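Here's the structure we're looking at; comments come further down.
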Amino acid sequence: MKNNRYQIKITLKGMRPPIWRRLLISADCTMDALHCAIQWTMGWQDCHLYAFRTQDRCIEIPDPDNMWDSGWSNSPKPEAAAEVRLRNVVRPGDKITYEYDFGDGWMHDILIEKEIESDDITVRKAVCLKGKRACPPEDCGGIWGYQNLLELLSTPKQERDKNEQAFVEWAGDDWDAEAFEQDAVNRTLKHWSPDLKSFMYAGICG
């Protein structure tokens, strides 16, 4: 099998201007390894559960208690992310949804822009081609919380109440919403592999 890669674009839904990354990644990677690549490329910290969803599939960390039941759930039966390969889920032109942190509900559109064929084994690595704007801080309250943070950062300190000031200090007064360091991302991606297991997956599934 050729060591083909997909060029994908990951866009955080609900933000204007958009927060996005463009990534080259092995088409043969597991969906859990894709999760890791998204985490590192976007700037998340792999602290929460996640799921990939298509019209008829849900791919995530397995439920250790096997609570899914077709009798009460309208969703597809979840598949184990470490056992499903990206090439078996999507083709160029497809779009899937990636949700990270079911509490904050960070929703991402993933567009498979094109497939690049190669016989070179080195293309099994992942590379970030481009991106725009900083990833929101973990646990800031989802899209609404992050938009609130950005508004507070543009508000003079003396006009913030005690809770608002604490929120800003928690995130950092010097938070730069436009920051994105592509070189730093790619240094991190050098440690990625197509069968990498996420911190959460390994912790829950052993």
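Read in order, the letters of the sequence shown are residues 3 to 208 in this note's numbering. The beta-carbon is built from N, C-alpha and C at its ideal position, and this holds for glycine as well. Just so it is clear, the structure is predicted and the values come from calculations on it, not from any experiment.
Its Cα nearest to that of TRP172, the residue ASP141 stands out among ALA35, GLU183, LYS132 and ASP141.
According to DSSP, residue pairing for ALA82 in a beta bridge involves GLU62. A residue is called buried once 16 or more other Cβ atoms fall within 10 Å of its Cβ, and THR43 is buried on that count. A Cβ-Cβ contact shorter than 8 Å links PRO196 with THR32. In this structure, the beta-carbon distance from ALA39 to LEU191 falls below 8 Å. By the CB criterion at 8 Å, PRO64 and PRO80 fall inside the cutoff. Taken through DSSP and simplified to helix, strand or coil, ARG89 comes out as helix.
Non-local C-beta neighbours of ARG126 in its own chain, meaning closer than 6 Å and more than five positions away in sequence, comprise ASN5, SER28 and PRO196, ordered along the chain.
By the Cβ neighbour-count rule, THR157 is exposed, with fewer than 16 other Cβ atoms within 10 Å of its own.
The C-beta distance from ASN188 to VAL129 rounds to 6 Å, short enough to meet the 8 Å contact threshold. Of the candidates GLU85, ARG135 and ASP58, the residue whose Cα lies closest to the Cα of ILE98 is ASP58.
Sequence-distant partners of ASP30 (beyond 5 residues in either direction) whose C-beta falls short of 8 Å from its own C-beta, in its chain, are MET3, ASN5, ASN6, ARG87, LEU88, ARG89, ARG126 and PRO196.
GLY133 carries a strand assignment under DSSP once its states are collapsed to helix, strand and coil.
Annotation for TYR148: PRO138 and CYS142 place their beta carbon closer than 7 Å to its own, counting only its chain and skipping 5 residues before and after. Under the 10 Å beta carbon count, HIS193 is surrounded by fewer than 16 other beta carbons and is classified as exposed. If you draw a 10 Å sphere on the C-beta of ALA84, you find 16 or more other C-beta atoms in it, and that means buried. Straight across, the Cα-Cα distance linking ASP103 with GLY45 is about 14 Å. According to the DSSP assignment, HIS110 belongs to no alpha helix (DSSP H) but to the beta strand (DSSP E) extending over 108 to 118.
Each of GLY133, LEU36, GLU117 and LEU113 was checked against the Cα of PRO19, and the nearest Cα belongs to GLY133.
Taken through DSSP and simplified to helix, strand or coil, PHE104 comes out as coil.
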